[in-house]
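Notes follow once the structure below has been shown.
2 protein chains.
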Amino acid sequence: MQRELTYEAVLSYPGHPSAEDVYRVISSRYSTISKATVYRNLNALYEEGKIGKVPPMIGYEAHYDHRTDHHCHAICTRCGKVVDVDVQYDSAMFTNAVSMEEGFMLDSHDLIFEGTCMECRNKEKEDGTEGI
Amino acid sequence: MQRELTYEAVLSYPGHPSAEDVYRVISSRYSTISKATVYRNLNALYEEGKIGKVPPMIGYEAHYDHRTDHHCHAICTRCGKVVDVDVQYDSAMFTNAVSMEEGFMLDSHDLIFEGTCMECRNKEKEDGTEGI
DNA sequence: TACCTTATTGATAATAGATATCAATATGAA
DNA sequence: TTCATATTGATATCTATTATCAATAAGGTA
Numbered sequence: 001m002q003r004e005l006t007y008e009a010v011l012s013y014p015g016h017p018s019a020e021d022v023y024r025v026i027s028s029r030y031s032t033i034s035k036a037t038v039y040r041n042l043n044a045l046y047e048e049g050k051i052g053k054v055p056p057m058i059g060y061e062a063h064y065d066h067r068t069d070h071h072c073h074a075i076c077t078r079c080g081k082v083v084d085v086d087v088q089y090d091s092a093m094f095t096n097a098v099s100m101e102e103g104f105m106l107d108s109h110d111l112i113f114e115g116t117c118m119e120c121r122n123k124e125k126e127d128g129t130e131g132i
Numbered sequence: 133m134q135r136e137l138t139y140e141a142v143l144s145y146p147g148h149p150s151a152e153d154v155y156r157v158i159s160s161r162y163s164t165i166s167k168a169t170v171y172r173n174l175n176a177l178y179e180e181g182k183i184g185k186v187p188p189m190i191g192y193e194a195h196y197d198h199r200t201d202h203h204c205h206a207i208c209t210r211c212g213k214v215v216d217v218d219v220q221y222d223s224a225m226f227t228n229a230v231s232m233e234e235g236f237m238l239d240s241h242d243l244i245f246e247g248t249c250m251e252c253r254n255k256e257k258e259d260g261t262e263g264i
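Those protein sequence lines, which keep their order, are chains A and B. Start counting the first sequence at 1; every next residue gets the next number (our numbering). Start counting the second sequence at 133; every next residue gets the next number (our numbering).
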């Protein structure tokens, strides 16, 4: 049941919720849910292929995604917010051109962009730290 | 002084050492070094641009790199080992083609490959788990 | 050299995010 | 209803890392 709530929360979340985000949403109307359950169910849903997971970078929380197709993300290095990126390329380009350690079997790749989102840029301007 | 030891350890390490790896190397001949010092100095060296850092994925330790130029890495999803990847592409291709949230300022990108290294593939074969 | 200021260090506590444990409860088929 | 299985909440634990802070080292200046 809480699994279903978790799934719905991800689907309806505008953007890329972290486990904490999902927990907050659910517990606002189902206050007895445990954080462990949210983590557990997010993992399960991801393993089942029902939700996506943003390639998770150290120093930021893991973020989930209602999209399950392979696409790219940009992460704001200031606040950790994740946004979708639309970029067309032929992924065969990589898998063919890749050379690396003998015997390494390639499964997938992730293309991740880093930068600063508008909110954080505005915040920095206000703080007068932009010229440093 | 320990800073210098840290630097040398990264330079001479075959591959992409984690903080733990570096600590192990140094403490083998300088047993009083503190782990905090290693973490601190790895960060400092990275900030100074003297060593590189592999785009760090959650669930694995951070890995450092004697190379400081922008290049790609593959990570073994079984054991966390990092290997260099040689792949030619025009990065302008991305920065130009990228469209995302209004106002997001792009700084950099990372192209990360995931797969299984030969060691881990062999280990799985031995365990008889390869056919699952 | 003695003095002072700043930087670095080691030991340790603390943190965040996530996972493991486990008894209690729910579910669902027979 | 009964039994087996799955899910849950509460909590302890984990791992990698950072923060704290007193002690020490380094380095410039007089």
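Glycine included, C-beta positions come from ideal geometry on N, C-alpha and C.
- Minimum Cα-Cα distance from His16 of chain A among the listed residues A:Ile75, A:Asp90, A:Asn96 corresponds to A:Ile75.
- Looking at B:Ser160, B:Val154, B:Tyr221, the one whose alpha-carbon comes closest to that of Asn175 of chain B is B:Val154.
- Secondary structure of Phe236 of chain B (DSSP, three-state): coil.
- Within 10 angstroms of the beta-carbon of His202 of chain B lie fewer than 16 other beta-carbons, which makes it exposed.
- Under the three-state reduction of DSSP output, Glu4 of chain A falls in the helix class.
- Only Phe94, Ala97, Val98, Ser99, Met100, Glu101, Glu102, Gly103, Phe104, Met105, Leu106 from the region 94-106 of chain A bring a Cβ to less than 8 Å from some Cβ of chain B.
- Residue pairing by DSSP puts Thr248 of chain B in a beta bridge opposite A:Met105.
- Bounds of the beta strand (DSSP E) holding Ile207 of chain B are 204-208.
- The C-beta distance from Ile112 of chain A to Asp242 of chain B rounds to 5 Å, short enough to meet the 8 Å contact threshold.
- Bridge partners of Leu111 of chain A according to DSSP: B:Leu243.
- When Cβ-Cβ separations below 8 Å define contact, Ile183 of chain B makes no contact with chain A.
- Taking a Cβ-Cβ cut-off of 8 Å, the neighbours of Met189 of chain B in chain A comprise Pro55, Pro56, Met57, Ile58, given in sequence order.
- Shortest Cα-Cα distance from Val10 of chain A to any of A:Tyr39, A:Val85, A:Thr32, A:Ser34 involves A:Tyr39.
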